[in-house]
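In my numbering, the protein residues as written are 604 to 841.
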């Protein structure tokens, strides 16, 4: 039996994925672990996953590289809510070449993604939809989705918009600034071993419900929103 990756039907160019595909090292799988109060019902979880993919079929896509260009590609192979003791590596034969994955064991579920396929906002939409459908099935109640993408809502064009495909009008007289070498380039103190440079690390906690609601209201991802908040805090202090 051949281990060669199958060919998938190409769709549009995946411009925003290219920087991740051609990194010098593999980036780790991003995983969200969810702990539940009760044992997971694998059959119901699979049905919830199927409903999510029915609503957001683009989440079952994969990537195809042709002559150096990266494309989204249709992946007709099934997505499986796999019974495993933790997250799996996405993109290979084990996950049917899908770039999102769902595993479960005991009372835990793991939602994993390849960051070149979607961002924190994408994995959150995937997670919310699966859990919504799962608990509707488990409890026999049609809960209020409250903005969650469910099989009862229509898909919008914005969901599949390729952000890097947008072209911006540039003034004809615009010129790129001339590159100049900095006399003393900025550097982190831990890089050059400067004993006088201390590295400070602070930890802080946020109420996750309020933070994620704020993230969704502004149509962004957790990492981007956190960066903006930290940047604003620094601006106010300095």
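Even for Gly, the Cβ is constructed at its ideal location relative to N, Cα and C.
Values in this document were obtained by computation on a predicted structure and should not be read as measured data.
Rounded straight-line distance, which links the Cα of residue j to that of residue i
i           : j           : result
residue 740 : residue 731 : 14 Å
residue 663 : residue 636 : 20 Å
residue 755 : residue 658 : 8 Å
residue 777 : residue 617 : 28 Å
residue 673 : residue 666 : 7 Å
residue 734 : residue 724 : 15 Å
residue 812 : residue 767 : 30 Å
residue 623 : residue 718 : 7 Å
residue 641 : residue 650 : 18 Å
residue 779 : residue 743 : 60 Å
residue 670 : residue 695 : 21 Å
residue 808 : residue 823 : 20 Å
DSSP-derived helix/strand/coil call for residue i
i           : result
residue 669 : strand
residue 561 : Summary: the structure shown does not reach residue 561, with the chain confined to residues 604 through 841, and so no result is reported for it.
residue 819 : helix
residue 661 : helix
residue 634 : strand
residue 858 : It is not possible to answer for residue 858, since the shown part of the chain is limited to 604 through 841.
residue 745 : coil
residue 605 : Caution applies to residue 605, whose pLDDT of 42 falls short of 50 and renders its modelled position unreliable; the model cannot decide the point.
Close beta carbons around residue i, own chain, < 6 Å, minus the five adjacent residues each side
i           : result
residue 715 : 632, 634, 690, 693, 704
residue 685 : 706
residue 784 : none
Own chain partners of residue i with C-beta closer than 7 Å, once the 5 adjacent residues on each side are dropped
i           : result
residue 750 : 819
residue 814 : none
residue 638 : 710, 711
residue 826 : 723
residue 752 : 658, 659, 728, 732
residue 880 : Since the first residue shown for the chain is 604 and the last is 841, residue 880 is missing from the structure and cannot be characterised.
Cβ-Cβ distance between residue i and residue j below 7 Å
i           : j           : result
residue 678 : residue 720 : no
residue 737 : residue 647 : yes
residue 675 : residue 615 : yes
residue 701 : residue 688 : no
Residues near residue i in its chain [Cβ-Cβ closer than 8 Å; skip 5 each side]
i           : result
residue 828 : 814, 817, 818, 821
residue 837 : none
residue 697 : 691
Would you mind listing the beta strand (DSSP E) stretches within the region 678-740 that are 3+ residues and don't spill past its ends, in chain order? 684-686, 703-708, 711-716
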